[in-house]
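**Q** Whatever position you read off the sequence shown (first residue = 1), add 692 for our numbering. Beta carbons are placed, not taken as given, at the ideal position from N, Cα and C, and that holds for glycine. Could you have a look at this structure, given as structure tokens, before my questions?
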Amino acid sequence: MDFGWEYRIIIPIIVNGVVVAFQGRTVIDDKIRYKTSKNEESIIPAKNTLYNMDNCKGRYAVIVEGAFDAMRIGDGVVATLGTGMTQAQKELIYEKYDEVTFLFDPEYEAQKRAEEHGNDLAALGVTVNICNMEWEHDPGSLTEEEIKKVRNLLKIY
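Shown next, in the form of structure tokens:
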């Protein structure tokens, strides 16, 4: 029986200490790199929350695309689980944070989406910064030295 989750690293999406949804990333060559739990399998749909939100204290957050980006950089970073953001995610950011910095992947399309989302959040009254990385790879691929620089530059303590 094939459920579509074999050969995937399962990433729990936790809100207030409770697993509410999950995402899986393939570890083999698969055209579907990420798979997210269906809404009916979730307590809260994954795209109605932010990955790592429980580990982002205070009124400031750095926003990245993927869970592995957030894991790599650490606490103080939330992930939207893709370049797209739902209205629910934007409202959640508005409720929880006064200031955010987008640290999306360096590709043109990702940076364009970060600007669009940033404009939406700024219209809600959130202070928004967009960080265009000098590196040519995504935040999940940064070296330890680069992570230290990013955390210091973006004031993630």
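1) Report buried or exposed for Leu845, applying the criterion of at least 16 other Cβ atoms within 10 angstroms of its Cβ.
2) For the structure I just gave you, are there three or more beta carbon pairs, one from the stretch 716-724 and one from the stretch 737-752, closer than 8 Å?
3) For the stretch 743-757 against the stretch 720-732, are there 3 or more C-beta pairs whose distance is under 8 Å?
4) Pick from Val770, Ala815, Leu816 and Asp830: whose alpha carbon is nearest that of Glu801?
5) Kindly indicate the opening and closing residues of the alpha helix (DSSP H) around Val842.
6) Any idea what DSSP makes of Tyr789, helix, strand or coil?
7) Checking 8 Å against the spacing of the C-beta atoms, do Asn744 and Val769 come in under that value?
8) Ignore the nearest five residues each way along the sequence and tell me which others in Val818's own chain have a CB closer than 8 Å to its CB.
9) Of the residues Ala814, Ile702, Met825 and Arg843, which one's Cα is nearest the Cα of Glu783?
10) Spatial neighbours of Leu795 within its chain, please: C-beta separation below 6 Å, excluding the five flanking residues on both sides.
**A** According to the structure data:
1) exposed
2) no
3) no
4) Asp830
5) Glu836 to Leu845
6) coil
7) yes
8) Ile785, Tyr786, Tyr789, Asp790, Glu791 and Val792
9) Ala814
10) Val754, Val756, Cys823 and Pro831
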